[in-house]
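Asker: Sharing a structure with you now.
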Amino acid sequence: MLPMILRGNAICFGDDINTDYIIADHYKAASADVNEVAKYVFADYRPEFREQVRPGDVLVAGRNFGCGSAREAAPRVLKASGISCVIAKSFARIFFRNAINIGLPVLECDTSAIKAGDELAVDIETGIVDDFTLPLQVRGLPMPSIMAAILHEGGLVAYLRRHGDLVLPENVARKG
Amino acid sequence: MGRTISEKIFSAHVGRDVRAGDIVVSPLDLVFWDDSNRPQACDVFREMNGTRVFDPRKIAAFLDHGANVHNLAIASVHRTMRGFCREQGIALYEAGEGIEHQLIPERGLAGPGDIIVGADSHACTAGAINAFAVGVGSTDLATGLLTGKLWFRVPKTVRFVLDGRPGRGVYSKDIILHLLRLIGAGGAIYEAIEFTGPAIAGLSMESRFVMTNMAVEMGAKTGLMEVDDVTREWLAARVRRPGSEFTSDPDAESAREFKIDVSALEPQVARPHSPANSAPIGEAIGTPIQQAVLGTCTNGRLEDFREAALVLKGRKVSPHVRLFVTPASRTVMQEAMSEGLIDVFLEAGAVIGTPGCGGCTGGSGFAIPGDGVNMISTANRNFRGRTGNNSAFIYLASPATVTASAIEGAIADPRSYL
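Dropping the structure here:
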């Protein structure tokens, strides 16, 4: 189970960061093992990223984060780099699902004021983000309860192992 | 209140009336994956303690992204996939047979009204035959393999009502590039797109696939079209099982609706580094290019090759340009050979690649541009680094524009060749 409040410093990106930028296809195709592929996180787009990132850091982005390819390697290499969660103005839907499925918390919120290096606390249950450096508090969009349930159990593999089948939790009403 | 195509397809699958915003667990009609993902869906399936897939008849696997098998990692992934598919009785489409998004309609693996998930973002291509088809990652795909189900939020719908007829030298690729600029790269996130109107009715199935293929470039969950006689004729020759056709009600609720007349549209070019960075060709004309790619799941079909051959026949590619051609499937290649199109390309100086994803992604091991190269491609994405070199510049256009540009060594208006 994941901790519900994540603390770390902001690493900032702009709009439309696609999954090719996060993990370029030629690195992905060069290995059959995602752990090996993880060494090349943002390798062409922002080569200093891997040296810069500290365990727990929060990736802060603009609109449409994770657009493009469906590659699940994208959230996996971010998680492997030490990123504790991603907050963005909006997410591409496949990335958003993939992140939750592999147990990387993601939150949609207004990130426009947050600056690189800001000290953040992200409460993934309430969707409240505190920027202690500014200071500022923003409230994010709650994720559908099915996603919260999957994330709560650490991802979809753990969820399926526990429930044996894809069943909606009791509290998932018709509206998500 | 009427219902959209998406609302009707999900309602039919879950046996109750569902609307945009509802969360459902739906049975799946087709589950497919390819050789590009790390980890592989079959590996995640094992992690889930999976032993047997839910129904091998509803599953397909494709060796297309690494069709050139140019390194050991790809050879190893192919070996794993072959073993898994043999063990589970799943149909496997070998390297060289073609791209998944071409083979699914071409081999009749999907029909109208189906819900399809594929571990590739361009799974949405099948929406042109009225199927709800979405891209997912390996873990969702593995869940589909194991349970035959997946959870969805029924999407809101954005409608493009397209009127008129595209002029000479203007194709469905130009229409979709224009719509992309209009709505933006993230303009339809979480939403389904319905393409409709007289302009769609006038398009062949092959041209329609170009548009649904690129719905995901708008951030859309999928792109859908209604069934008409063109669709029925296409399906009758390919799909054996009956399907259910779904139309959008006139009073269905759409999030946004755009009405566009395509008659006045000019050929379009998307400039680096986003497919939404498109403009009428006049704004890019004369840009020197050193490489051109004809093919991919967007524009690697027979119709595309015919259009390209019309431009190239009796002409040569500029000595400053390499033209790479990859058919979307082996069948496309065979048909193109019997019509003499491949000869036209070879005589013009083109390199012919393995049917598959070559030339589109850097991982395909084919047609990787050198530093500083400008390339023009019929593909769907021109992100920086997409084709394997971070310092190349990719332009996107129709097959006619790409081949006209290959002849001139600079981005060229195809209308002077038609």
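Those protein sequence lines, which keep their order, are chains A and B. Residue 4 in our numbering is what sits at position 4 of the first sequence, and the numbering runs on without skipping anything. Just remember that our numbering sits 1000 ahead of the position in the second sequence, which is counted from 1. Don't be surprised by glycine CBs; every beta carbon is placed ideally from N, CA and C.
1) Determine, for Pro75 of chain A, whether the minimum Cβ-Cβ distance to residues of chain B falls below 9 angstroms.
2) Under 9 angstroms, do Thr1387 of chain B and Thr1403 of chain B count as touching if we go by C-beta distance?
3) Would you mind telling me which residues of chain B sit closer than 7 angstroms to Cys67 of chain A, beta carbon to beta carbon, in chain order?
4) Identify the contact partners of Asn18 of chain A in chain B, using a Cβ-Cβ distance below 7 angstroms as the criterion.
5) Which of the residues in the stretch 91-109 of chain A, read from start to end, lie with their CB under 7 angstroms from any CB of chain B?
6) Quick check on Lys175 of chain A - is its C-beta less than 9 angstroms from some C-beta in chain B?
7) Who pairs with Asn1374 of chain B in a beta bridge, going by DSSP?
8) Interface residues of chain B around Pro144 of chain A at Cβ under 9 angstroms?
9) Would you check if the distance between the CB atom of Ala1270 of chain B and the CB atom of Tyr1395 of chain B is smaller than 9 angstroms?
10) Mapping DSSP to helix, strand and coil, what is Pro1027 of chain B?
11) Can you tell me whether Phe1246 of chain B is helix, strand or coil according to DSSP?
12) With respect to 8 angstroms, is the separation between the Cβ of His1070 of chain B and the closest non-hydrogen atom of the ligand FAD below this value?
13) Cβ atoms of Ile1289 of chain B and Met1375 of chain B: under 9 angstroms apart, would you say?
14) Does Gly155 of chain A come within less than 9 angstroms of chain B when only Cβ atoms are used?
15) Between Ala1199 of chain B and Leu1162 of chain B, which are expected to be in contact by the criterion C-beta below 8 angstroms, what is the C-beta distance as a whole number of angstroms?
16) Starting from Asp1140 of chain B, find everything on chain C with Cβ-Cβ shorter than 8 angstroms and list it in chain order.
17) If we count the other Cβ atoms within 10 Å of its Cβ and call it buried at 16 or more, is Gly176 of chain A buried or exposed?
18) Using a Cβ-Cβ cut-off of 6 angstroms (strictly less than) and excluding sequence neighbours within five positions of Glu1307 of chain B, which residues of its own chain qualify?
19) What does a CB cutoff of less than 6 angstroms around Asp110 of chain A pick up in its chain, not counting 5 residues either side in sequence?
20) Is the Cβ of Ser31 of chain A closer than 9 angstroms to any Cβ of chain B?
21) Cβ atoms of Ser1036 of chain B and His1065 of chain B: under 9 angstroms apart, would you say?
22) Below 6 angstroms CB to CB, which residues in the same chain sit around Ile1193 of chain B once its five sequence neighbours on both sides are set aside?
23) Okay, do the stretch 85-93 of chain A and the stretch 46-65 of chain A touch, 3+ Cβ pairs below 8 angstroms being the bar?
24) With DSSP as the reference, identify every bridge partner of Glu1194 of chain B, one or two as the case may be.
25) In the DSSP output, which residue or residues are listed as bridge partners for Pro1280 of chain B?
26) Measure the beta-carbon distance from Val1311 of chain B to Pro1414 of chain B and round it to whole angstroms, keeping in mind my assumption that it falls under 8 angstroms.
27) In chain order, what residues of the stretch 1106-1127 of chain B put their CB closer than 9 angstroms to some CB of chain A?
28) Residues of chain B with CB under 8 angstroms from Val138 of chain A, in chain order?
29) Counting only runs of 3+ residues fully inside the stretch 1070-1157 of chain B, write out the beta strand (DSSP E) ranges in chain order.
30) In chain order, what residues of the same chain lie with their CB nearer than 8 angstroms to the CB of Ala1201 of chain B, ignoring the 5 residues before and after it?
31) Does Asp57 of chain A come within less than 9 angstroms of chain B when only Cβ atoms are used?
32) Distance check for Thr1143 of chain B and Pro1105 of chain B, CA to CA, integer angstroms please.
33) What is the DSSP secondary structure of Phe42 of chain A, counted as helix, strand or coil?
34) Could you name the residues that DSSP lists as bridge partners for Asp123 of chain A?
35) Could you check whether the Cβ of His1065 of chain B sits closer than 9 angstroms to any Cβ belonging to chain A?
36) Who are the near neighbours of His1070 of chain B in its chain, counting only those whose CB is closer than 6 angstroms to its CB and skipping five residues on each side?
Answerer: On the basis of the coordinates in this document:
1) Under the Cβ criterion of 9 angstroms, Pro75 of chain A is counted among the residues facing chain B.
2) Cβ atoms of Thr1387 of chain B and Thr1403 of chain B: not closer than 9 angstroms.
3) Ala1185, Gly1186 and Gly1219
4) Residues of chain B whose Cβ lies closer than 7 angstroms to the Cβ of Asn18 of chain A are, in chain order, Phe1383.
5) Within the stretch 91-109 of chain A, the residues whose Cβ lies closer than 7 angstroms to any Cβ of chain B are, in chain order, Ala92, Arg93, Ile94, Arg97, Asn98, Asn101 and Ile102.
6) Note on Lys175 of chain A: pLDDT 44, under 50, position unreliable in the model; no value is reported.
7) B:Phe1393
8) Annotation: Cβ neighbours of Pro144 of chain A in chain B (cutoff 9 angstroms, chain order): Ile1023, Trp1151 and Arg1153.
9) It is a contact, given that the beta carbons lie within the stated cut-off.
10) strand
11) It is coil, neither helix nor strand.
12) With respect to the ligand FAD, the structure offers nothing, as it holds no ligand at all.
13) yes
14) yes
15) Rounded to whole angstroms, the Cβ separation of Ala1199 of chain B and Leu1162 of chain B is 4 angstroms, and the two are in contact under 8 angstroms.
16) In the displayed structure, chain C is absent; the protein chains listed are A and B.
17) Here the model assigns Gly176 of chain A a pLDDT of 40, short of 50, so the residue's position is not dependable and the matter cannot be decided.
18) Pro1399 and Ala1400
19) Val138
20) yes
21) yes
22) Once the five neighbours on either side are set aside, the close Cβ partners of Ile1193 of chain B are Val1158, Ala1215, Ala1220 and Gly1223.
23) yes
24) B:Arg1159 and B:Leu1224
25) B:Gln1268
26) About 6 angstroms; that satisfies the 8 angstroms criterion.
27) Gly1118, Ala1119, Asp1120, Ser1121, His1122 and Ala1123
28) Chain B residues near Val138 of chain A: none, gap ~19 angstroms exceeds 8 angstroms.
29) The stretch 1070-1157 of chain B is shown to contain whole beta strand (DSSP E) runs of 3 or more residues at 1091-1093, 1115-1118, 1132-1135 and 1149-1153, in chain order.
30) Asp1228 and Val1230
31) no
32) 24 angstroms
33) coil
34) A:Ile5 and A:Ile128
35) yes
36) Gly1365
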